[in-house]
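*Asks:*
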DNA sequence: CGAGTAAGTTGGATTTTCCAACTGACTTGT
DNA sequence: ACAAGTCAGTTGGAAAATCCAACTTACTCG
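Protein chains in written order, with our numbering: chain A, 166 to 325; chain E, 166 to 325.
Here is the structure:
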């Protein structure tokens, strides 16, 4: 019952998971990124394949663009038309999609037939997440809180 | 004017990513699971640490319970009080949280100081996602669509 | 010319979320 | 004993986000 550091107001935990969700956690954002990572780059097809309302999708794509996750590439001048492409940052969302697909195909066991995913080697999706440092697999519970880190934490990759 | 045969509307892509998001993609769901995986199991603390409204959080926890991701464990009879714990399914959400935290700490480079994560070996969070079959690392773009799969796909793990 | 494609935009209905206060059943402090 | 605090919710009303179908603009194709 004794907490050594009792702050006046318990603010929500500011962590990188919460920060990531601010960008990727809005409705349709991850599905839009899924489409782009599958090679679908045009508005109408992204809207159709995700099921998102067109107006909401416009907003989401603008947000993702402003966050540097995707970029608009003009493919027609008259009328101006753009394709949506992943930036380096956006391409690196793949592990999240992979983990999500793997969890879902393991635990969502209902009748519905769904598109599955596989690795490019041809095998069914069975991702193993391991620590780059020690090589050990991440087991549930081996994720620990680290120190508070701001921008200067490590080397900032530049986009493009 | 236009009321032609607009029937064969392409349905949204039914895939395991979308299915996973139906369960885990609602607001606050992943943050609640984060708390449980960090050892926080009681309602008030989960509400405080996530920042979710209490009423919304109740709904979310009930949904996650009905989906078998968490379970309520009674710790007091009078008055009845419950703790929220991850099931096996819930514990296996960890790779998603890990990927999200890693992406975020790589790409969210602003001033805000945030709690970082690390592997239990002590190293900073640097997850590597590789294919269990061929051992090769998943690179962006090495995720491919597979065939449609329903419940009978592989062996169903049992929970609890 | 009329139909079709593409990327949006618009207005209004619906749904979800937010927020602060309240409740009930206890427990703890004085 | 009595007041205050804890805990896990519940409530009602306001605010925000989403949904939906139709509309718009600017082309291209037959």
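Think of the CB as a built atom: it goes at the ideal place given N, C-alpha and C, for glycine as much as any other residue.
Would you kindly work out how many angstroms separate the C-alpha atoms of residue 265 of chain E and residue 257 of chain A, rounded to a whole number?
*Replies:* Position 100 of the second chain, counted from the start, is the residue given in the question as residue 265 of chain E. Position 92 of the first chain, counted from the start, is the residue given in the question as residue 257 of chain A. Distance between the alpha carbons of residue 265 of chain E and residue 257 of chain A is about 10 angstroms.
*Asks:* Is the stretch 180 to 200 of chain E touching the stretch 186 to 199 of chain A, taking contact as three or more C-beta pairs under 8 angstroms?
*Replies:* Because the criterion of three Cβ pairs below 8 angstroms is met, the stretch 180 to 200 of chain E and the stretch 186 to 199 of chain A touch.
*Asks:* Taking only the alpha-carbon atoms, compute the straight-line gap between residue 238 of chain E and residue 204 of chain E and give it to the nearest angstrom.
*Replies:* Working through the second chain from its first residue, we reach residue 238 of chain E at position 73. Working through the second chain from its first residue, we reach residue 204 of chain E at position 39. Roughly 14 angstroms separates the two Cα atoms.
*Asks:* Does the stretch 292 to 305 of chain A come within contact of the stretch 268 to 276 of chain E, defined as at least 3 CB pairs closer than 8 angstroms?
*Replies:* Segments in contact, no.
*Asks:* Using alpha carbons as the reference points, say which of A:207, A:259, A:217 and A:208 lies closest to residue 191 of chain A.
*Replies:* One-based indexing of the first chain puts residue 191 of chain A at position 26. Ranking the options by Cα distance to residue 191 of chain A, first place goes to A:217.
*Asks:* Cα-Cα, which of A:254, A:177 and A:289 is closest to residue 309 of chain E?
*Replies:* Sequence index remark: in the second chain, residue 309 of chain E carries index 144 (1-based). Selected option, being the one with the closest Cα: A:289.
*Asks:* From this set, E:200, E:226, E:294 and E:236, which residue's C-alpha is nearest residue 214 of chain E's C-alpha?
*Replies:* Residue 214 of chain E sits at position 49 when you count from the first residue of the second chain. Comparing Cα-Cα distances from residue 214 of chain E to each of E:200, E:226, E:294 and E:236, the minimum goes to E:200.
*Asks:* When DSSP labels each residue in this structure, what does residue 239 of chain E get in the three-state scheme?
*Replies:* The residue you call residue 239 of chain E lines up with position 74 of the second chain. Three-state result, residue 239 of chain E: strand.
*Asks:* Can you check the stretch 219 to 264 of chain A for any alpha helix (DSSP H) of at least 4 residues that lies completely inside it and give the ranges in chain order?
*Replies:* DSSP runs (the alpha helix (DSSP H)) wholly in the stretch 219 to 264 of chain A: 219 to 231 and 253 to 256.
*Asks:* From residue 208 of chain A to residue 178 of chain E, what does the alpha carbon distance come to, in whole angstroms?
*Replies:* Indexing the first chain from 1 puts residue 208 of chain A at position 43. Indexing the second chain from 1 puts residue 178 of chain E at position 13. One C-alpha to the other measures close to 15 angstroms.
*Asks:* Apply the 10 Å Cβ neighbour rule to residue 241 of chain E and answer buried if 16 or more other Cβ atoms are within range, or exposed otherwise.
*Replies:* Position 76 of the second chain holds residue 241 of chain E. By the neighbour-count rule (16 or more Cβ atoms within 10 Å), residue 241 of chain E is not buried but exposed.
*Asks:* Is there a Cβ of chain E sitting closer than 9 angstroms to that of residue 225 of chain A, yes or no?
*Replies:* For the purposes of this step, residue 225 of chain A is identified with residue 60 of the first chain, where counting begins at 1. It does not: the Cβ of residue 225 of chain A has no partner Cβ on chain E nearer than 9 angstroms.
*Asks:* Closer than 7 angstroms, Cβ to Cβ, to anything on chain E: give me those residues from the stretch 232 to 265 of chain A, in chain order.
*Replies:* Result list: 254, 256, 257, 258, 259, 260, 261, 262, 263, 264 and 265.
*Asks:* At the 9 angstroms Cβ level, is residue 182 of chain A part of the contact set with chain E, yes or no?
*Replies:* The residue labelled residue 182 of chain A in the question sits at position 17 within the first chain. For residue 182 of chain A, the answer is yes, since a Cβ of chain E falls inside 9 angstroms of its Cβ.
*Asks:* Alpha carbon to alpha carbon, how far is residue 175 of chain A from residue 234 of chain A?
*Replies:* Translated into positions along the first chain, residue 175 of chain A becomes position 10. Translated into positions along the first chain, residue 234 of chain A becomes position 69. Approximately 31 angstroms, taken between the alpha carbons.
*Asks:* With distances taken from CA atoms, which of A:226, A:285 and A:292 is nearest residue 261 of chain A?
*Replies:* Residue numbering aside, residue 261 of chain A sits at position 96 when the first chain is read from its first letter. Cα-wise, what sits closest to residue 261 of chain A is A:292.
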